[in-house]
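Q: Counting from 1, one number per residue, gives the positions in the sequence shown under UniProt numbering. Each residue gets a CB set at the ideal place from its N, CA and C atoms; glycine is no exception. Handing you this structure, nothing more for now.
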Amino acid sequence: MLTSASQYLFSALDGRVYFGDITVILPPHWPNSCIPYNQTRTSASGERSDVTIKTHSKTESPIWTKQYAGCGEPGEQIFIESDILGRDTIGREFVREWAKYRYGVFDEIGFTKDPVYPRCYINDDHELKLTGCSDAPVHDRGLCGNPSLYNITDIIDRNARSSIMFAAESPSVTMFCDEGTHNRYAPTKHNQLCDRRSTLDVILKHPDFIMENKINVNPSAIVNTAPKFSYKTRKSTRYVIIIDETLDMQLRESWSFLRSAIRKWVVYDLPANTEVGMVLANDTATEKMLQISSLYIQENKDLVASFIPYSPSDSRQPACLTCAVTDAIHMLNERTRMNGPANSIILIIAPGMEYSIDHTALSNSARSYHIRIATINYPNVIRRQPLDALALSTGGTAYSVFESKYNLEKSYISTYFELSNTLFNIGKQYYEGNRNDLPIEIYRKELVDSDDNDAASAHHMLSKRTSRTATGSFTLDSFMGPPAYFFVYVHNTENPLIASMKLTSPSGIVYSSRSDARSLVKQLMVSATLNETGSWTYKIDRFNGNPQSHYVQVIATPRSKYAPTIQARSWIRQRSGSPPVIYAEVKKGDLPIIAALVEVTVTRPDGICPTGSGNECRQKIRLLDSGSGDPDVTRNDGIYSRYFNADDFGGAGAYQFEVTITDNENMAYTRSESVLKGAPPRCCGSAIRTTLMASMVSFQRTLQPMTVFLSQDLLDSIGHRTMGKISDLTVDVEGMRVRLNWTTPDMGGRGIARYEIKYATSIRDIVDFYDTAAFLWHHDTPLINSIGEESSFTMNLSHEPHLIGQVLYFSVRAHALGVMGSSVSNYVRVFVPKPKRATSLSPSTSIGTESYGEVWSSYDEIREGHNRRVNIHQRIADTISLEVEVLLAIIAGTIFLIIIILVCCYYYFLKKRNITQEDDQKRPIKPFPTETKTSLGHSVFVTPGNVTSSSSNATSSTSASPDYVQQTNVSTNIPTIYNSRTLPIEQKLIDELKQQQQMAETQSYIITQADNMQYNTTLTRGFKPAPTITDNRTLSPFESWSASQLLQEHEQHQRRRSPSLLDNYLDNDVQQFYASQHDQMSLLNTGGVGGHTMGHNPPVPPPPIYSTANPPYFYEQHQQPPPQQQHHHLQQQQQQQYGGHDGSMNPMTTPLHVTIT
1 MLTSASQYLF
11 SALDGRVYFG
21 DITVILPPHW
31 PNSCIPYNQT
41 RTSASGERSD
51 VTIKTHSKTE
61 SPIWTKQYAG
71 CGEPGEQIFI
81 ESDILGRDTI
91 GREFVREWAK
101 YRYGVFDEIG
111 FTKDPVYPRC
121 YINDDHELKL
131 TGCSDAPVHD
141 RGLCGNPSLY
151 NITDIIDRNA
161 RSSIMFAAES
171 PSVTMFCDEG
181 THNRYAPTKH
191 NQLCDRRSTL
201 DVILKHPDFI
211 MENKINVNPS
221 AIVNTAPKFS
231 YKTRKSTRYV
241 IIIDETLDMQ
251 LRESWSFLRS
261 AIRKWVVYDL
271 PANTEVGMVL
281 ANDTATEKML
291 QISSLYIQEN
301 KDLVASFIPY
311 SPSDSRQPAC
321 LTCAVTDAIH
331 MLNERTRMNG
341 PANSIILIIA
351 PGMEYSIDHT
361 ALSNSARSYH
371 IRIATINYPN
381 VIRRQPLDAL
391 ALSTGGTAYS
401 VFESKYNLEK
411 SYISTYFELS
421 NTLFNIGKQY
431 YEGNRNDLPI
441 EIYRKELVDS
451 DDNDAASAHH
461 MLSKRTSRTA
471 TGSFTLDSFM
481 GPPAYFFVYV
491 HNTENPLIAS
501 MKLTSPSGIV
511 YSSRSDARSL
521 VKQLMVSATL
531 NETGSWTYKI
541 DRFNGNPQSH
551 YVQVIATPRS
561 KYAPTIQARS
571 WIRQRSGSPP
581 VIYAEVKKGD
591 LPIIAALVEV
601 TVTRPDGICP
611 TGSGNECRQK
621 IRLLDSGSGD
631 PDVTRNDGIY
641 SRYFNADDFG
651 GAGAYQFEVT
661 ITDNENMAYT
671 RSESVLKGAP
681 PRCCGSAIRT
691 TLMASMVSFQ
701 RTLQPMTVFL
711 SQDLLDSIGH
721 RTMGKISDLT
731 VDVEGMRVRL
741 NWTTPDMGGR
751 GIARYEIKYA
761 TSIRDIVDFY
771 DTAAFLWHHD
781 TPLINSIGEE
791 SSFTMNLSHE
801 PHLIGQVLYF
811 SVRAHALGVM
821 GSSVSNYVRV
831 FVPKPKRATS
841 LSPSTSIGTE
851 SYGEVWSSYD
861 EIREGHNRRV
871 NIHQRIADTI
881 SLEVEVLLAI
891 IAGTIFLIII
901 ILVCCYYYFL
911 KKRNITQEDD
921 QKRPIKPFPT
931 ETKTSLGHSV
941 FVTPGNVTSS
951 SSNATSSTSA
961 SPDYVQQTNV
971 STNIPTIYNS
981 RTLPIEQKLI
991 DELKQQQQMA
1001 ETQSYIITQA
1011 DNMQYNTTLT
1021 RGFKPAPTIT
1031 DNRTLSPFES
1041 WSASQLLQEH
1051 EQHQRRRSPS
1061 LLDNYLDNDV
1071 QQFYASQHDQ
1081 MSLLNTGGVG
1091 GHTMGHNPPV
1101 PPPPIYSTAN
1111 PPYFYEQHQQ
1121 PPPQQQHHHL
1131 QQQQQQQYGG
1141 HDGSMNPMTT
1151 PLHVTIT
């Protein structure tokens, strides 16, 4: 991996750099067979890890870089999962992460569903583009509409050579984007945090590439870029303690506290794999030196603790720290030569140093032997400058412990408590081994007496114990256990001023026995075994009037080397021209803890207090994990930060910061480990994903105070650099209203004075010409909130109607008093479509302004015109803020409602038609004229004829002209209804009735249709006469009744006729006729129909009751089929109308087309 990465880095930076020596730190339990056969394994020298390889680290990505600072600032570390070490592209991916870690650049890629750094965006040409940087076209392949993961190699052009920060996995990509290929308008994290500079420009500004450090490479020479590997194991830590023995070290009880703190550290706190030596420095040389010895031997612990004299020398001249550091380096080198390398640390405890000391030369000498220097300014900074420069230049840590004066002779116990915890923290920081081997402080509290009449004292003692009886509780979680101790720090162990101490376990067991085993180091203990998980409570009875505080401290040890314990740390970083930035990280195992309460207590050890701060010069500020971009670059990564403004605390001088972290009243949480299986391949966008959350137990961590010294020159230079850039601007569009959202920025610790909101019609104008081409929004101004709070501002575009229907780009810039305005924020795209007016409304009618044609709630939602593959249901659902399931339910309900309405309308019109036909039935029958014109111009002649008995004349008709048809033998008073279809059975009945010419005068009715076809009309109802049989033929009622009987029956029938009778004919008889095929055929083949038998008078057919102009709806015209086809034709009609031979109805299907816009 690293060999290929070295060659790839060498090529990407044009031969400027490659990996030379690589040290691999192996776990101590790994055998030598894990290294190459020709290599040996030695002890580590305290090397700081640049890369950590873990197994199942549960982090956000299999390879990622922890970056907490801004552009050009190095990262914290690179993390790699061991599972991906065999991947073909791992070397290329490592170079990408190395560029982040070493040179402070960021990703040039978008992230799925990220509101600030989206996967896709729309450029000024209104083209949908994948967020990135490349010198060749990038094919999105539908990824902009698909939130799933993708292989970036598939979307890169085969001829593309850049950029490594975009697509390092692609085989053709070998370069970083430079000024010629850089896409400065893409919404990438690098563009936003690096002011849209190219990645190559940021890299080449790193100190590695300044002229004096530049590698001179002959372009024609072949360079072997293969690195040299060495393998080491962390074994031990080696200290040489330098103590200033001059009289300045004794301020009241400060020297006594130092002796006790060193004893506690060496005897009880340092692990066994530690070696310690000591040098006492006076004003001329190092008089006393204790050679380095191992703490494996118990006697050596007491030897080191007893080496410090009971009192310092009488000299007030500054100690010769140069002599002491030189001797310490020599001691460490000799020990290395004799016993092998170790993590070598020089710890200097002194009241500062003089300007005459060349700290640069001392630092260079220590670094050359892989030695780091840690410093403690104690008991105060009495010399001209603090010791911090010695520590920081060698990669060490600097602390300050200031003696707190009680009276002329006594010091407060707080001095000792702070000094002992500082040493305890140094031992943990430089420990060579697993950090879970060492105990962790899980609880602390200061118990004090305060004067209730002193308002100022009571104000800063709100979190402290003020009554005689002190009570409290702490939580021991399931990952912590023994060895665990409950300590009470006292000023005088001979007279601790404590009446009793009780400790109660979660199960109710009370421990009250006290132990004085650590009385020499000012600690009292409760003899208890702290191994129960849960909430422990304590009760301490103190004597009133105690001038000294008591400190309660609980420490516990992780139950295993891999237990996910709650760990916290803090540090301070300062850039030229910027105020200090305070950082704190809190995590559980490898996972960040989110929404914790991280507070910093700021004090002035020199006693210069700002107005209104009280006598203790204390103020609290809260650190934020907001991801606003400056100074916090990533949200929810567990790293909290904030600028510190010294002008609000009294100006130049010394400042001490103590960080306290709590669970924020059970509001803190961490990521659930179950969701990390599908983690994305790249980390991190504007925030760490927290899809599922895991709650935290109650916890508290108090970190060692940090001290910074701010000169007036440094404060004067602050303000010449832009700070407080808003990097998390988002937008919501609701109708004509546009709401901008952002986190209130940190303007170097200063509050916001005003905001400046501008808009432009192109990305180029809002990015490159914000001051000249962008337009100021002058309708109202945003409210000013506190640093870190969520801010929003709503703009109504109806105030600027000309902006409606245009694509706009908005950005925000913050201004604070006393400093330059911040850089312009990231831009957001806004489109408010013109409202569509309905045509049925008048111009003055008010209509809605909502439009769902284009939705820009985020860059991942692309309008239909640019991506047809976006699901329409999803787009509509996203537009109106509904889930797809809810939207589909609404659509289904709407369709069902429409079907119900259509069915109701159908039955309504059907009923209406029935009523109309009933009205037509009640109308009088119009007399037939002798000549009537049909609608097609044909004439209808009615002529008298002679009576004949031939039944064949009933159907015979002749005409010389095609336009006329003459029938000569038709019986009068025969009911004739003109219809479009005549059933064959009734037609035969009518033909037989026509043969009764002797019963009445006859008239002929001849109808000619447009198709020159003859149509006979009959009454299509279930009329069932009872004829008699004569000569093997069926007789009609008119052959068995006389004319007078027929006339009389007809008149009676007319009088009896009523609407109910008519409805009976229309509804029952007709339905019964079509429902039974047997009854239809029986009219011709049986001798008794409908219950009438031979010998009875048959019923008389009803006379015509409908006119020819308005036939009823159940009468239909049809062409008379041939006699041999009548039976078959009738069956077909019934099957077509009723759906089958059994008379059952087929289901009705109605095609319904619904269009949603």
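Can you name, in chain order, every residue of its own chain whose Cβ lies under 7 angstroms from the Cβ of Ala-186, other than the five neighbours on each side?
A: Excluding residues within five positions, the ones whose Cβ falls inside 7 angstroms are Tyr-121, Thr-131, Gly-132 and Cys-133.
Q: List the DSSP bridge partners of His-182.
A: Note: His-182 sits in no beta bridge, so no partner.
Q: To the nearest whole angstrom, what separates the beta carbons of Val-240 and Leu-143, a pair I think is in contact under 8 angstroms?
A: At roughly 59 angstroms, the Cβ-Cβ gap does not stay under 8 angstroms, so Val-240 and Leu-143 are not in contact.
Q: Residues in its own chain within less than 8 angstroms of Ser-254 by CB, not counting five upstream and five downstream?
A: Tyr-378, Pro-379, Glu-403, Ser-411 and Thr-415
Q: Just tell me which of Gly-627, Arg-259 and Phe-775 has its CA closest to the CA of Thr-761.
A: Phe-775
Q: Verify the CB distance criterion: does Asp-663 have a CB-CB separation below 9 angstroms to chain C?
A: In summary, chain C is missing from the structure at hand, where a single protein chain is found.
Q: Within the continuous alpha helix (DSSP H) that includes Val-304, where are the two ends?
A: Val-304 -> alpha helix (DSSP H) spans 298-305.
Q: Over what stretch of residues does the alpha helix (DSSP H) that includes residue 1158 continue unbroken?
A: Here the chain has residues from 1 to 1157 only, and residue 1158 is not among them.
Q: Could you have a look at Gly-534 and say whether DSSP puts it in helix, strand or coil?
A: Correct three-state label for Gly-534: strand.
Q: Report whether the distance from the Cβ of Met-667 to the nearest heavy atom of the ligand GTP is below 8 angstroms.
A: Among the components of this structure there are no ligands whatsoever, and the ligand GTP is therefore not found.
Q: Ignoring anything shorter than 4 residues, give me the alpha helix (DSSP H) runs that lie fully in the segment 361-436, in order along the chain.
A: 388-393 and 413-429
Q: In whole angstroms, what separates the C-alpha of Gln-385 from that of Ser-519?
A: Approximately 36 angstroms, taken between the alpha carbons.
Q: Is it true that the CB of Leu-817 sits closer than 9 angstroms to the CB of Gly-751?
A: yes
Q: Using the Cβ count rule (16 or more neighbours within 10 Å means buried), how would you classify Phe-909?
A: exposed
Q: Count the other C-beta atoms from every protein chain shown that fall within 10 angstroms of the C-beta of Arg-813, then say buried if there are 16 or more, exposed otherwise.
A: buried
Q: Between Gly-629 and Val-552, how many whole angstroms is the CB-CB distance? I'm expecting something under 8 angstroms.
A: So it is not a contact: roughly 40 angstroms between Cβ atoms.
Q: Pairing CB atoms from the segment 15-27 with CB atoms from the segment 227-239, are three or more of them under 8 angstroms?
A: yes
Q: So, under 8 angstroms CB-CB, Thr-707 and Tyr-655 are touching, yes? Tell me the CB distance rounded to an integer number of Å.
A: 7 angstroms
Q: Thinking C-beta only, is Ala-5 closer than 9 angstroms to Val-95?
A: yes
Q: List in chain order: all unbroken beta strand (DSSP E) runs of 3+ residues lying wholly within the segment 76-158.
A: 77-81, 120-122 and 128-130
Q: Enumerate in chain order the residues of its own chain whose CB-to-CB distance from Arg-41 is below 8 angstroms, with the five nearest sequence positions on each side excluded.
A: Leu-26, Asn-32, Ile-35, Tyr-231, Lys-232 and Thr-233
Q: Do you know offhand how far Glu-299's Cα is from Cys-323's?
A: For Glu-299 and Cys-323, the distance between alpha carbons rounds to 29 angstroms.
Q: To the nearest angstrom, how far is the alpha carbon of His-139 from that of Cys-177?
A: Taking the Cα positions, His-139 is about 18 angstroms away from Cys-177.
Q: Within the continuous beta strand (DSSP E) that includes Val-659, where are the two ends?
A: 653-662
Q: Would you decide whether Gly-20 is buried or exposed? Buried here means 16 or more other CB atoms lie within 10 Å of its CB.
A: exposed
Q: Please state whether the Cβ-Cβ distance between Met-696 and Ile-566 is less than 9 angstroms.
A: yes
Q: Would you call the segment 479-488 and the segment 523-536 in contact, with 3 or more CB pairs under 8 angstroms?
A: Under the Cβ criterion (8 angstroms, minimum of three pairs), the segment 479-488 counts as touching the segment 523-536.
Q: Mind checking Ser-686: buried by the 16 CB within 10 Å criterion, or exposed?
A: Looking at its Cβ environment, which holds 16 or more other Cβ atoms inside 10 Å, Ser-686 is buried.
Q: Tell me which same chain residues have a C-beta within less than 7 angstroms of the C-beta of Glu-354, skipping the five on either side of it?
A: Pro-318, Arg-383 and Arg-384
Q: Using the rule of at least 16 other Cβ atoms within 10 Å of the residue's Cβ for burial, across every protein chain shown, is residue 1163 buried or exposed?
A: The structure shown does not extend to residue 1163, since the chain spans only 1 to 1157, so no value can be given for it.
Q: Roughly how many angstroms lie between the CA atoms of Asp-107 and Lys-428, to the nearest whole one?
A: 34 angstroms
Q: For His-206, list the residues DSSP reports as bridge partners.
A: Paired residue(s): none; His-206 is not in a bridge.
Q: Report yes or no: do the segment 361-370 and the segment 259-278 share at least 3 C-beta pairs separated by less than 8 angstroms?
A: no
Q: Check whether the Cβ atoms of Phe-111 and Arg-102 sit closer than 9 angstroms, and answer yes or no.
A: no
Q: Using DSSP bridges, identify the partner residues of Glu-734.
A: Arg-737
Q: Would you mind sorting Tyr-906 into buried or exposed? The rule is 16 or more other CB atoms within 10 Å of its CB.
A: exposed
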